[in-house]
């Protein structure tokens, strides 16, 4: 290779940009595997998910059962696939609640910065931050009983201040910009400006944070169903599988190992994807966050 | 500083009042009457009424709220519906497990995260940094209760170094108690350590780019001296904030970890109370956890303002 052909040494920024797609790709690939497994489980699983086969219980992985069987002889691969569905549904809906409630609140707070509404919204946010997701879940469960829906609500409530703060922070820096001033001069109302100009410009931030909250939601769902506050039997969920596996762990370690690995890989995939997306979609916006 | 402190204290009081009101209202809408639940479906209406009076359920709601809050201010959390013992005693009993567990985990997480974060920042972009960052990426993805189960599998079942669960009580001696809390504390500390190491690293990297770091090198300090005398010290401020926040979440996170190790802490208390519909206990434990979060945040804010006067003008 001649000297002229050699590429210039990448600047740190360029090197970072080149390294990005890798974490993004690995993350996206892991996430797609689990979404695909969940989608596939609607039409096909290797075995019926509630198909008990007591003589074949606690079998280690084999050709017949690639991930082994649990204490009722149920096929673990099938349960993991259907469990992915539960995890994804709970985490996705919880992110949805957080965004649908939090984003408009954040936009409204930023539109009237320092106003009464802003003050109320930010104080309410601080208050919700004082309730860890597990505590919200405990309160809701104590009152209404345990279910997947209540887990969604608990995690969703926990997500609201996250999105409200993020939106407010992003929107506040945008309100200083000239194009917003131009829109105001043109006579647009604060609501219209928020919807037409602010929202599209904070969308990147929301997508990145959404990915992260989605992965946190999967962790939270697993934790809640592990302690019995989430999806109830017979709905398979990874957290419940781990709770069932606990007494079995010395007899058949794979029963505890596999659902845990499923959680780790999914969360890892989503986090890597979130990191990759953040670096990909405008590093400038990241700095604008307050 | 005094003005700032008073202002923050006022907002602390408001937060606590609103939080207690929210908790009370949520629990109040619970369907079912605890007295009727305790006596079963065949109970006579008079018996239920008598029990309601005994439990203090027959007075108006606002008065019960005031009694509850007033009681908590004086250390009287009411009487458990099922055990008929003071809730304050039950909580104090369980805190003997949960509080040391949270502190132990906090200490472990700090001991792990500081060297890892400082090392990664000092070797930014090199193999050591990438290894630490990879490990933290994994650390935040691992559910702590699953990690706990794996620790039990390895250290209790296969190696037999620790018991798989239970708590002997502090009367058995400090060593026995600490030993029983070691695996739970490690499990609780790991994801927190991963987060903390990341904060430590990015905070230190920011500081290393400051002019005063160049000045420190220019006046003849070695790289290592500059890092420790000027870098780490300044980087600690944001890290301490995160540690404060983490303590409250460790206390809440202990609820789940206690289930893995069958520890008689606040978590067990709260789940027993939920299944027994002992709502006054649920209410009080939740209030205590929220109180811990709010007060720790308040103390962190104050400590922050004491160190950095610029923050006092902000609310």
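Protein chains in written order, with my numbering: chain A, 13 to 302; chain B, 9 to 323.
C-beta: ideal position from N, C-alpha, C; glycine also.
Check	Outcome
Please name the residue, chosen from B:29, B:211, B:158, that lies closest to residue 130 of chain B on a Cα-to-Cα basis.	B:211
In this structure, how does DSSP classify residue 90 of chain B when only helix, strand and coil are distinguished?	coil
Rounded to the nearest angstrom, what separates residue 230 of chain A and residue 170 of chain A at their Cα positions?	13 Å
Cutting at 8 Å between CB atoms, please list the residues of its own chain near residue 293 of chain A, excluding the five before and the five after it.	216, 219, 220
Would you kindly report the start and end of the unbroken alpha helix (DSSP H) that includes residue 97 of chain A?	88 to 123
Cβ closer than 7 Å: which chain B residues qualify as neighbours of residue 235 of chain A?	151, 153, 264
Do the CB positions of residue 287 of chain B and residue 35 of chain B come within less than 7 Å of each other?	yes
Cβ closer than 8 Å: which chain B residues qualify as neighbours of residue 258 of chain A?	157, 268
For the stretch 56 to 64 of chain A against the stretch 203 to 215 of chain A, are there 3 or more C-beta pairs whose distance is under 8 Å?	no
With burial defined as no fewer than 16 other Cβ atoms inside 10 Å of the residue's Cβ, what is the status of residue 305 of chain B: buried or exposed?	buried
Of all the residues that make up the stretch 118 to 144 of chain A, which are near chain B by a beta-carbon distance shorter than 9 Å?	135, 136, 138, 139, 141, 142, 143, 144
Report the neighbours of residue 23 of chain B on chain A: residues whose CB is nearer than 9 Å to its CB, in chain order.	135, 138, 139, 142
Buried or exposed for residue 270 of chain B, going by 16 or more other Cβ atoms inside 10 Å?	exposed
Kindly indicate the opening and closing residues of the alpha helix (DSSP H) around residue 232 of chain B.	231 to 234
Any idea what DSSP makes of residue 81 of chain A, helix, strand or coil?	strand
By DSSP, does residue 75 of chain A sit in helix, in strand, or in coil?	coil
At a CB distance below 7 Å, what residues from the stretch 271 to 283 of chain A approach chain D? Give them in sequence order.	As a matter of chain content, chain D is missing from the structure shown, whose protein chains are A and B.
Could you check where the alpha helix (DSSP H) with residue 279 of chain B kicks off and where it finishes?	274 to 283
Classify residue 102 of chain A as buried or exposed, calling it buried when 16 or more other Cβ atoms lie within 10 Å of its own Cβ.	buried
Counting only beta-carbon atoms, is residue 288 of chain B nearer than 7 Å to chain A?	no
Check whether the Cβ atoms of residue 195 of chain B and residue 161 of chain B sit closer than 7 Å, and answer yes or no.	no
Classify residue 72 of chain A as buried or exposed, calling it buried when 16 or more other Cβ atoms lie within 10 Å of its own Cβ.	exposed
Taking only three categories from DSSP, how would you classify residue 134 of chain A?	helix
If you draw a straight line from the C-alpha of residue 141 of chain B to the C-alpha of residue 149 of chain B, how long is it?	13 Å
Do residue 297 of chain B and residue 197 of chain A have their beta-carbon atoms positioned less than 7 Å apart in this structure?	no
Out of curiosity, what's the CA-to-CA distance linking residue 52 of chain A and residue 92 of chain A?	12 Å
Can you name, in chain order, every residue of its own chain whose Cβ lies under 7 Å from the Cβ of residue 14 of chain A, other than the five neighbours on each side?	For residue 14 of chain A, the predicted structure reports a pLDDT of 43, less than 50, and the residue's modelled location is therefore unreliable. A value from the coordinates is still provided. Nothing listed; no residue qualifies.
Rounded to the nearest angstrom, what separates residue 172 of chain B and residue 163 of chain B at their Cα positions?	8 Å
If you run the structure through DSSP and keep just helix, strand and coil, what is residue 66 of chain B?	coil
Taking 7 Å as the threshold (C-beta atoms), are residue 163 of chain A and residue 251 of chain A in contact?	no
Runs of 4 residues minimum, wholly inside the stretch 206 to 277 of chain A: which ones carry the alpha helix (DSSP H) assignment?	211 to 238, 250 to 257
Check each residue of the stretch 78 to 98 of chain A: if its Cβ is closer than 7 Å to any Cβ of chain B, include it; give the result in chain order.	none
Helix, strand or coil for residue 187 of chain A, going by three-state DSSP, please let me know.	helix
Under 7 Å Cβ-Cβ, which residues of chain B neighbour residue 231 of chain A?	151
With C-beta atoms as the reference, is residue 110 of chain B less than 7 Å away from residue 314 of chain B?	no
Please determine, among A:279, A:232, A:115, the residue with the shortest C-alpha to C-alpha distance to residue 150 of chain A.	A:232
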